[in-house]
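Worksheet for the structure shown next.
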Amino acid sequence: MSHEQFKQCIEECLRCMVACNHCYTACLEEEDVAMMKECIRLDRQCADICGFAAQAMSTNSMYAREICRICAEVCEACGNECKKHDMKHCQECAEACLRCAKVCREMAA
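Take the sequence shown: its letters are residues 17 to 125, numbered as in our numbering.
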C-alpha cells in the first residue's frame, strides 16, 4: 500500500496524538489529578501508538495494518475514558480518539 493510500489514516493518527498530548498535559493541571489517573495513562499510551502507527504507515511497513488494528483498540479505550470527564480537553480528545479508531479500523480491514 502506498503512502497516499494511508494519507487519511496518518492525518487522523497525528490529530489524535496531538489531542491526547494536550489532554494529558491539561489533566495534570486539574485539581483532582488522582481522579484523572486513568485518563492520563490512556492519553500517553494513545499518543504513543498513534505516533507509531503514523510512522509505520508513512514507511509502508508490512505491519502497518496490524499496528492500525491495535491503534484502533487503544484509541477506543482512550476515547471512552475521556468521554467520562466533562472537561473540554477530555471531550475534544474523546472525539479525536473515536474518529481515529474508526479510520484505523477501516485501514486494518
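C-beta: ideal position from N, C-alpha, C; glycine also.
Open item on the list: For the structure I just gave you, are there three or more beta carbon pairs, one from the segment 50-60 and one from the segment 73-85, closer than 8 Å?
Closed with: The segment 50-60, when compared against the segment 73-85, does not touch it at the 8 Å Cβ threshold.
TODO: Flag this pair as touching only if the segment 70-82 and the segment 35-49 have three or more C-beta atom pairs under 8 Å; answer yes or no.
DONE: Fewer than three pairs of CB atoms, one per stretch, sit closer than 8 Å, so the segment 70-82 makes no contact with the segment 35-49.
Task: Secondary structure of Asn76, DSSP reduced to three states - done: Here residue 76 refers to the residue found at position 60 of the sequence shown. It is coil, neither helix nor strand.
Open item on the list: If you follow the alpha helix (DSSP H) that Glu111 is in, where does it begin and where does it stop?
Closed with: What you label residue 111 is simply residue 95 of the sequence shown in a count that begins at 1. Segment Lys104 to Ala124, the alpha helix (DSSP H) holding Glu111.
Open item on the list: Could you check whether Cys116 and Cys109 sit closer than 8 Å to each other, using their CB atoms as the reference points?
Closed with: Your numbering for residue 109 matches position 93 in the sequence shown. Your numbering for residue 116 matches position 100 in the sequence shown. No, the Cβ-Cβ distance between Cys109 and Cys116 is not below 8 Å.
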